[in-house]
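**Student:** Numbering (our numbering), first residue to last: 1098 to 1721.
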Amino acid sequence: MKELRRQLSTSMATVASSCTSLTWDYITFFVFVIVSTLIPLWGRFFGRKEKTKAEYVFGMGTISVGAMMLSIARGTLGVRSLLGYPSELFYRGSAMWETLYGMVTAYPIVCYVFIPVYFNLGITSVYQYLDLRFNSRLVRCLASGTYVVRALLILGVTLYTPAVALNTVVGVPYWASLLLITVTTITFNLLGGLKAAITADVIQGITMILLMIAIVIQSMVNVWSVEKIVTVPAEEGRLKFFDFTGDPTIRVDTTSAWLGQLFMSLSIFGCQQSFVQRYLSMGSFQEIQRTIMTNVPIIIILFTLVWVVGMGIFSVYVDCDPLAAGFISKIDEIAAFFVQDKFSYLPGFLGLFMGSLLNGALTLNVSNINAAATVTWEDFLAPLPYFKDTRDKKQLRMIRVIGAVYGVIVMGIGFAVGLLSGVIESSMLMTSATSGPLLGVFLLAMLVPVCNWKGAASGMIISHIVTLWITFGGLTIDNETPLLPTSVEGCNNETFSNGIIKRSDSWLASSIAITDDFDDLALNATNLTREFPENLYAISYMYYSLIGTFITMLVGTVVSYVTSDREADAYDQRLLYSMVYKLSHAWPGEERYYVNNPKIKAKSIKNLEGQCNGAFDEKPKGKV
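(1) Quick one: is D1602 buried, meaning 16 or more other Cβ sit within 10 Å of its Cβ, or exposed?
(2) According to DSSP, Y1674 sits in a beta bridge with which residue or residues?
(3) Run through DSSP, which three-state label would L1402 get?
(4) Along the chain, where does the alpha helix (DSSP H) containing V1656 start, and where does it finish?
(5) Can you tell me whether DSSP reads I1609 as helix, strand or coil?
(6) Measuring only the C-alpha atoms, how far is T1243 from L1180?
(7) Could you pull the DSSP bridge partners for L1308 from this structure?
(8) Is the separation between the beta-carbon of M1408 and that of V1327 shorter than 8 Å?
(9) Using a Cβ-Cβ cut-off of 6 Å (strictly less than) and excluding sequence neighbours within five positions of F1446, which residues of its own chain qualify?
(10) Should the region 1583-1590 be regarded as contacting the region 1548-1561, the criterion being three or more beta carbon pairs within less than 8 Å?
(11) Inspect the CB distances between the region 1184-1194 and the region 1455-1469 and report whether three or more fall short of 8 Å.
(12) Quick check: what's the CA-CA separation for I1667 versus Y1691?
(13) Counting pairs of beta carbons, one from the region 1341-1352 and one from the region 1503-1516, are three or more of them closer than 8 Å?
(14) What's the gap between the Cα of V1128 and the Cα of P1444?
(15) Do you know whose CA, among L1449, V1245, T1391, lies nearest T1066's CA?
(16) Expressed to the nearest angstrom, what Euclidean distance is found between the alpha-carbon atoms of G1268 and I1425?
(17) For the alpha helix (DSSP H) containing D1228, name the first residue and the last one.
(18) Under a Cβ-count criterion, where at least 16 other Cβ atoms within 10 Å of its own Cβ denotes burial, should A1683 be classed as buried or exposed?
(19) Alpha carbons only, please: which of I1428, F1647, G1380, E1664 is nearest the one belonging to F1360?
(20) Check each candidate in L1565, L1544, V1201 and name the one with the smallest Cα separation from Y1678.
(21) I'd like to confirm the pairing. Which residues does DSSP put opposite Y1442 in its beta bridges?
(22) Under 8 Å, do G1533 and G1380 count as touching if we go by C-beta distance?
(23) Report buried or exposed for G1452, applying the criterion of at least 16 other Cβ atoms within 10 angstroms of its Cβ.
(24) Among residues of its own chain, excluding the 5 on either side of W1604, which ones have a beta-carbon nearer than 6 Å to its beta-carbon?
(25) Can you say whether G1343 is buried or exposed, counting buried as having 16 or more other CB atoms within 10 angstroms of its CB?
(26) Exposed or buried, D1122, counting other C-beta atoms within 10 Å across all chains shown (16 or more means buried)?
(27) Would you call the CB atoms of S1560 and I1410 closer than 8 Å?
(28) So D1418 is in the alpha helix (DSSP H); what residue range does that whole segment cover?
(29) Determine the DSSP secondary structure at M1109, reduced to helix, strand or coil.
(30) Straight-line CA distance for S1607 to K1427?
(31) My guess is that C1548 and G1653 are in contact by the Cβ rule of under 8 Å, so how many angstroms apart are they, rounded?
(32) Hey, does V1245 have any beta-carbon neighbour from chain C nearer than 8 Å?
(33) Pull up the distance between the alpha-carbon of Y1356 and that of Y1271, whole angstroms please.
(34) Which same chain residues end up closer than 7 Å to D1476 when comparing Cβ atoms and leaving out the 5 residues on each side of it in sequence?
(35) Starting from V1563, trace the alpha helix (DSSP H) both ways and give me its first and last residue.
(36) Please name the residue, chosen from T1265, P1183, V1502, that lies closest to T1401 on a Cα-to-Cα basis.
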């Protein structure tokens, strides 16, 4: 009887402790979300309000270089990184880690090729550049439409990410999480502009770095070793680099990780409104150059840190996989589960983690919806006769309303993402499938002097058809890579902390099976004999961006040569990359005239004189 009373007393004490901890988690969660939301909006109520479209879209030079660097770094990784990359390493290995090579390679190309062309054009939407270059609304709208669709798809993944964690930890229904984030995003979008979004990015970026460091330290404490964080994943086959398989059907290897991410990153950093909008908000080209190149080591450190988080979590759960044991239902839940399990002794930490994820989704959604709404207004609505004489303040209101509509659309996409297998794979698939045509048309505009609107439009349309055909075809074949084997041999009553219970099934698609026969299945999948078009469908989604870019440039160049018109295709030489303009006399074909375009209103020509080496001062003619 005494033993029963003792056990009952212990159980009641445990429950009381859990309730106290949960209370602190809720308090921390709501305080962090409220404070991190109100601080960026402080200027809306107590400071100088954004009264014009330019102030709302660009921040009008009021943003520091340091804040801009952290904001761009945050936008590069995204909130899905904190959940997606650790689960990627745990269940699929380090192959996706090597996408870092592509990111790092893309930064200097964007800095020295794309930005010098954009900076002095005096544009609000990056897709206005295509209109100036090709004098074609069709090309501009094709590119803008591609960007908007891609942005909304990716934002659906971003919106879904914190919903996974909230459902895993406290059982909040997915629909409730998606609705909460959407309402907050719309409110933030209506009240704040780019400056508010960047301020929120800074808060979120610092918080995420501290959280990742804390998780790594906790995992070291749990395994009683710093060395095991590296040796355990390596021994279990999670760390495998420089794997040049030469097989384009492998999900990810070193070649596809580098090349695929390079083309995706060029499309994102160099052709995406949300990033270019940040670059153009700075006062000089030197600031932009310094910001972009300084981001290279920052990205290397942050990207590596998030993968080390995955290594730490794996080393802790190497003998007891929560997914195989039935404690989680999706691979992306592993990081949130670790925080709930191993930080239960620290009241409020779980709430901070959840608040950071929610706030991260919020800030990324706001900045990207801001950009997508701006593009929609500038490229689709503003040119219409009905909006011809719309005043600046009304334009600002229209952009905010469009952003609110996009917020609702993104919520619907978020529900659909739950049916796919993992946030990283979903994000990569959507990005790669839409990056090629967009990057290809910008490369045609900057690097191919002969290209005209007919070639650019033809290249984009055909590229979209081919890449979408391959993408949807790939979804129809059985090309799923099995998860790496895990173990539950070490699971016992003391493996997880008190209060951890198994989750019930949900409406989400369950993860693909884990198997001990991984090598045999992978080998069989590789050697599977396929005929056309199945062998085309089997190509890794990492190559979609490369394929799309190549098709756009090939078709665009050929069609332009066939349909070239010396006078009708004339454009301002400042719309070409300066080195290409200097070498344009070496291109085959008849002499081309370049004309001064009065629509180009340079911000400050002297800022680019050193970079363009006097190209703007040359005589307006050349050969192509």
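By construction, the Cβ of each residue, glycine as well, lies at the ideal position given by its N, Cα and C atoms.
**Tutor:** On the basis of the coordinates in this document:
(1) In this predicted model, D1602 has a pLDDT of only 48, less than 50, meaning its place in the structure is not dependable enough to derive any value.
(2) According to DSSP, Y1674 bridges with nothing at all.
(3) helix
(4) 1641-1660
(5) Its pLDDT being 44, under 50, I1609 is placed unreliably in this model, and the value from its coordinates should be taken loosely. Three-state DSSP puts I1609 in coil, outside helix and strand.
(6) If I take the Cα positions, the gap works out to 27 Å.
(7) Listed as beta-bridge partners of L1308 by DSSP are no residues whatsoever.
(8) yes
(9) F1440
(10) no
(11) Contact between the region 1184-1194 and the region 1455-1469 is absent, because fewer than three Cβ pairs lie under 8 Å.
(12) It should be noted that the sequence gives Ala, not Ile, for residue 1667. So the two alpha carbons sit approximately 5 Å from each other.
(13) no
(14) 14 Å
(15) The structure shown does not extend to residue 1066, since the chain is modelled only from 1098 through 1721, so no value can be given for it.
(16) 12 Å
(17) 1225-1231
(18) exposed
(19) F1647
(20) Answer by Cα proximity: L1544.
(21) DSSP, once it has assigned bridges, lists no residue as partnering Y1442.
(22) no
(23) buried
(24) Any reading at W1604 needs caution, since the residue's pLDDT is 40, under 50, leaving its predicted position unreliable; the model's value is listed next. Correct list: empty, nothing qualifies.
(25) exposed
(26) buried
(27) Contact flag unset, no.
(28) Membership of D1418 in any alpha helix (DSSP H) is not indicated, and neither H nor E is assigned to it by DSSP.
(29) Residue placement at M1109 cannot be trusted, given a pLDDT of 41 that sits under 50; what the coordinates show is reported in the next sentence. The answer is helix: DSSP assigns M1109 an H, G or I state.
(30) Low local confidence applies: a pLDDT of 45 at S1607 is under 50, so the model's placement there is unreliable, with the coordinate-based value given in what follows. Taking the straight line joining both Cα atoms gives about 6 Å.
(31) Separation of the CB atoms of C1548 and G1653 is rounded to 6 Å, and the pair is thereby assigned contact status at 8 Å.
(32) This model lacks chain C altogether; it includes just one protein chain.
(33) The question names Tyr, but residue 1356 is Leu in the sequence shown. Rounded to the nearest angstrom, the gap between the Cα atoms of L1356 and Y1271 is 35 Å.
(34) S1222, Y1224, R1237, C1238, S1241
(35) Unbroken alpha helix (DSSP H) run through V1563: 1550-1571.
(36) The shortest Cα separation from T1401 among T1265, P1183, V1502 belongs to P1183.
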